[in-house]
Structures are given as C-alpha cells and as structure tokens.
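All remarks here apply to the structure that follows.
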Amino acid sequence: MGMSITVDAVARQAALAFPKYSALPGRERARFLRAVAGKIEALGDELVEIVMAESHLPAARVMGERGRTCGQLRMFADLIEEGSWVEARIETALPERKPLAKPDLRAMQAPLGPVAVFCAANFPLAFSVAGGDTASALAAGCPVIVKAHSGHLKTAELTAKAVLAAVAETGMPEGTFALVTGSGQEAGQALVKHPSITAVGFTGSRAGGTALMASAAARPVPIPVYAEMSSLNPLFLLPQALKNRWEAIAAGLHGAVTGGVGQFCTKPGLVFVLEGPDTDHFEAALASAIGGTSACPMLNENIASNYADRRGALAEHPEVTTLADGPEFQAGLFRTTGSAFIKDRHLQEEVFGPSTLLVLCETEAELIKCAGGLEGQLTASVHADGADVEIFRALQGQLEKICGRLIFNGFSTGVEVCHAIVHGGPFPATSDGRSTSVGTLSIHRWCRALCFQNLPEEFLPDALKSSNPLGIWRLVDGKRTASA
Numbered sequence: 001m002g003m004s005i006t007v008d009a010v011a012r013q014a015a016l017a018f019p020k021y022s023a024l025p026g027r028e029r030a031r032f033l034r035a036v037a038g039k040i041e042a043l044g045d046e047l048v049e050i051v052m053a054e055s056h057l058p059a060a061r062v063m064g065e066r067g068r069t070c071g072q073l074r075m076f077a078d079l080i081e082e083g084s085w086v087e088a089r090i091e092t093a094l095p096e097r098k099p100l101a102k103p104d105l106r107a108m109q110a111p112l113g114p115v116a117v118f119c120a121a122n123f124p125l126a127f128s129v130a131g132g133d134t135a136s137a138l139a140a141g142c143p144v145i146v147k148a149h150s151g152h153l154k155t156a157e158l159t160a161k162a163v164l165a166a167v168a169e170t171g172m173p174e175g176t177f178a179l180v181t182g183s184g185q186e187a188g189q190a191l192v193k194h195p196s197i198t199a200v201g202f203t204g205s206r207a208g209g210t211a212l213m214a215s216a217a218a219r220p221v222p223i224p225v226y227a228e229m230s231s232l233n234p235l236f237l238l239p240q241a242l243k244n245r246w247e248a249i250a251a252g253l254h255g256a257v258t259g260g261v262g263q264f265c266t267k268p269g270l271v272f273v274l275e276g277p278d279t280d281h282f283e284a285a286l287a288s289a290i291g292g293t294s295a296c297p298m299l300n301e302n303i304a305s306n307y308a309d310r311r312g313a314l315a316e317h318p319e320v321t322t323l324a325d326g327p328e329f330q331a332g333l334f335r336t337t338g339s340a341f342i343k344d345r346h347l348q349e350e351v352f353g354p355s356t357l358l359v360l361c362e363t364e365a366e367l368i369k370c371a372g373g374l375e376g377q378l379t380a381s382v383h384a385d386g387a388d389v390e391i392f393r394a395l396q397g398q399l400e401k402i403c404g405r406l407i408f409n410g411f412s413t414g415v416e417v418c419h420a421i422v423h424g425g426p427f428p429a430t431s432d433g434r435s436t437s438v439g440t441l442s443i444h445r446w447c448r449a450l451c452f453q454n455l456p457e458e459f460l461p462d463a464l465k466s467s468n469p470l471g472i473w474r475l476v477d478g479k480r481t482a483s484a
C-alpha cells in the first residue's frame, strides 16, 4: 500500500509538471541538462567509490561510465538548444486550388508526457538514474520517474540528489524528476499501470521486459514500452579473414567475450565459422585465452547465479562440447554444429556472462541458413577479407533483417554515443525494432507527431511559425530550409 501511494504521488506530480516543463524553450531544458551533468561531476570520488562498492566495477570503468553519462546529457542539451530535432514540416495553404482548396498544415514532434525509466543492472550510471533514457526523455520535454535497481540503490539515491539539485538550481517545475525505490515488481508494475505514465524505458532481461510490455498493453489506455532485452550479437568469421588474421581475431574476440566479465548487452555470444584447418588454429587459441581468464566478481549475486545456471545448462546440452573452462568455471567456450543449431532454438538463449558458443558449419549454405534462423539482435558482426566478398553479400542480406547495427571487421562491444548510432534491433533485442536507446535518435521514443491545421500564427508553437523565430531547419512545401 505504501509503495503504491508513493508511486501515485510522484506520478500525479509529474503529470502536473508536464505542461509547464514541456512548454519551456529548448534552451531552458538544455540549461537544466547541463546542470545535471555538472552536479554529477561535482560528486567526485564519493560517487565513484559507491559505484565500485555496489557493483564490483573497477575505478577506470566507473569513471568512463560517468563521462559517458555526462557526455550524453550535454549531447542532448546541444540537440534541443539548436532545435531542428522536432522535424517541423509546413505545407502552406492554396485557397485557390481546384477542385479543392489546400489547407495550411504544420506538423512537428511533440512530447508524450511523464515517462517511467527502469535502471539497468549492468550500467549503474549510463543506463540508470541519469542515463540515456532519462536524458532523452527530459530533452524531449517529458518529466521522468526512475525506478531504482536493487543492485545499486546507494548509487541511484546519490545520483538522484544531483538531478534534484539541478531541478532546483535551474527552476524546473516540481515533479520534473523523481526516484522510486522499493520492491522491484511492486513498484515497477505500479508505475507502468499508473494512468499518468505515457511511456516506459527499460533495460534488462527478456522476462522483465515482456512482463512490463504485457502490463502496458493491458491498460485501459495502452502505452509504449521501449525495452532493451536479449541479444547474442552473432559474429561470423569467413574463411579468408580467418586464414589471414586468426590470431588477431581470437585475441579480439576473447576481449569482447570476457571484458567487463561478459556483462555487456553487446557481448558476442555466438560465433559462426566454417570447418577447416584455420578454424582449428583459431579455436585452440581462443580456448587457451578463455581457459586462462581469471574469475572476477559479477555485478550482483542474482546475475552470478543466473549465469551459472544458464552456463551449466549449455554445458550439459547433448549437442554441445565444452572447449574451455576458466578458473571457478566462470569464463567458458563451447562448441556445437550448424545442423544442431538450426534444429534447436534453445541454443539461441542468452547466457549473460563471460562465455560464448562456437557454431561450426560444414558449408556456406549451412552458415547462411544459420543466419536466416536468428532472432532479432542488437548487433551482428562479420569478419571478411577479399575472397569472402560473395558470401559476405549473401550474409549481409540476412543480417540486415535481424540486427540494429551491422559491424564489418570489428567487435560488437563498445557503443559510440553519437548522432548516427543505433542501439536497438528487432524483438527480442528490443520491444520495438524501430527505436534506439543510445544516440540522439532515441529522443523520438518519447514523442508523437502533432499536426495543426489553419491555426493562426499566434497560437502556433515557435517551431512552426512562419517567421521561424528559432532559426531551425524545417521542411517547407517539400524543401528543407532554415529561412523564414
């Protein structure tokens, strides 16, 4: 009862804040976002030490994540201060047109309303209280209510204090931001079901994301859930590339699989390769590296337990061979055949942690068939050299259908926070494959298209006024221009 009252109170306050906050000029919301970044940086070593204590992450990783968090806040501040992100479109009236007059039509992206954001377990800063979902929603003009993750509550509370300090300093409306703690399911479901919430951002498990999707769809007024969930990030090693670079590829793949104790959403969990002598060298090198990988604490006991269970189930699969076990059975390398992979969809289940599954295919046709049977993924990677061009072209057609980011001669870990990045993909990688949770395109998750017909100039938003007082780029009668 107490938790539902708390959620109800903050959700109602966010609803009251929405018309005031969304009406603020982009430069005012930008000033707020920059203030949030400054307040987080001002926390200094205290924040770093708390994150390390709660998540077992090393100092360098925490400081890097803090930099990413503040950098993306400032990136969205720059975006909304410039203003063209609203995608203003104007069609001027043609009252003399025959047989029917053409009305004056003006459309733009408009914010949805209060947004619920769920903190991620594996990124205590960059995908949590003031992370990408929060930054993009606040930039769009939506108040945000964050559900803290039980794995890093102190981090969440300290970061929330920084955001609230920025709210006060910049004069944002009360209710622009709030943090909710408590039972994960109780508070989370209460948020998603609350009538004031208009959209949800989630990063976590497939089970957690689909549960929120079901609750949001069952509401009297359904709302969108943008959930980043499960991805194996398949990597395809083609014969010429393997012959030329098997040592370097094995070393790079080892780092991608075990870096961060394998707790990145872009960890390559599937590796497809054709059988052959170069494959044997590659497999031996990768097995040696993974077998010698030191065991490290995982983010929390629940993640460690789930990893052990899923890794164990994979090792016991009748069509799977264990090639390497790291100390304490943490890091792992496993192998199966292309034919077994095609037959058993259980081999596509994510194992969140420092292990990967090699899939040895007998023919190019089998390799391409494996690609065609994959579920939606955040990323897909292909290593190819000159002689691999034909098989790469065949793979490319398959992989473009199932991934959000196609990588050539690289590894999937590491996500560049910028305007062109897509961190999304078809289900189950995300709940909506048209979206991204990283980069400036992510702002459009929290908006809807709104059109005004024949409104007098004085009632139009500045972005749609004929005089173009914001000086933004617009599509006017089919031509892009920044002129009035």
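Using the numbering used here, the first residue of the sequence shown is number 1, and each one after it goes up by one.
Every residue, glycine too, gets a C-beta built ideally from N, C-alpha and C.
On a predicted model such as this, the values are computed, not experimentally measured, just so you know.
Measuring C-alpha to C-alpha distances from valine 257 to each of Phe334, Phe32, Cys119, Leu455 identifies Phe334 as the nearest. With 16 or more other CB atoms across the displayed protein chains lying within 10 angstroms of its CB, glutamine 398 is buried. Of the residues Val273, Asp278, Asn409, the one whose Cα lies closest to the Cα of leucine 360 is Val273. Going by DSSP, aspartate 462 is part of no alpha helix (DSSP H) at all; its letter is neither H nor E.
With fewer than 16 other CB atoms across the displayed protein chains lying within 10 angstroms of its CB, histidine 419 is exposed. When beta bridges are read from the DSSP output, serine 381 appears opposite Leu235, Ile407.
Shortest Cα-Cα distance from proline 195 to any of Val422, Arg474, Ala15 involves Ala15. DSSP places glutamate 350 in no alpha helix (DSSP H); its state is neither H nor E.
The Cβ atoms of proline 234 and alanine 371 lie closer than 9 Å to each other. For lysine 147, the uninterrupted beta strand (DSSP E) run begins and ends at 144 to 147, by DSSP. For glutamate 247 against threonine 430, the beta-carbon gap comes to about 35 Å, at or over 8 Å, which does not count as contact. A distance of 9 Å or more separates the beta carbons of glycine 262 and phenylalanine 127. Beta-bridge annotation (DSSP): threonine 321 is paired with Arg335. Glycine 338 and glutamate 362 have their C-alpha atoms spaced approximately 7 Å apart. For alanine 107, there is no enclosing alpha helix (DSSP H); the residue is part of the beta strand (DSSP E) that begins and ends at 105 to 111. Secondary structure of cysteine 447 (DSSP, three-state): strand. Within its own chain, the residues whose Cβ lies closer than 6 Å to the Cβ of asparagine 468, once the five positions on either side in sequence are excluded, are Ala484, listed in chain order. Within its own chain, the residues whose Cβ lies closer than 8 Å to the Cβ of arginine 68, once the five positions on either side in sequence are excluded, are Leu125, Ala126, Val417, listed in chain order.
Where alanine 116 is concerned, the enclosing beta strand (DSSP E) starts and stops at 115 to 118.
When the Cα atoms are used, alanine 178 and serine 231 turn out to be separated by approximately 30 Å. With a threshold of 16 other beta carbon atoms within 10 Å, phenylalanine 123 meets it and is buried.
By the Cβ-count criterion, glycine 404 is buried, with 16 or more other Cβ atoms from all chains shown falling within 10 Å of its own Cβ.
Looking at the backbone, the Cα of alanine 148 and that of phenylalanine 118 are separated by about 7 Å. The region 105 to 117 makes contact with the region 456 to 466: 3 or more CB pairs, one atom from each, lie closer than 8 Å. Per DSSP, reduced to three states, the secondary structure at arginine 31 is helical. Shown here for leucine 270: same chain residues with a beta carbon closer than 6 Å to its own, the five before and five after excluded, namely Leu232, Pro234, Leu357 in chain order. Inter-residue distance for threonine 336 and histidine 346 is about 12 Å (C-alpha atoms, whole angstroms). Within the same chain, Cβ atoms closer than 7 Å to the Cβ of valine 144 are found at Val115, Val117, Thr134, Ala137, Leu138, Phe177, the five residues on either side in sequence being excluded. DSSP places phenylalanine 392 in the helix class (H, G or I) of the three-state scheme. Rounded to whole angstroms, the gap between the alpha carbons of alanine 166 and arginine 61 is 25 Å. Considering only Arg97, Leu57, Pro103, Lys20, the residue with the shortest C-alpha distance to glutamine 453 is Pro103.
Excluding the 5 residues flanking it on each side, aspartate 8 has same chain C-beta neighbours closer than 7 Å at His194, in chain order. Runs of the beta strand (DSSP E) lying entirely within the region 214 to 286 and spanning at least 3 residues, in chain order: 225 to 228, 235 to 237, 270 to 274.
The beta carbons of arginine 74 and arginine 12 sit no closer together than 9 Å. Residue burial is scored here from C-beta neighbours: serine 355 has at least 16 other C-beta atoms within 10 angstroms and is therefore classed as buried.
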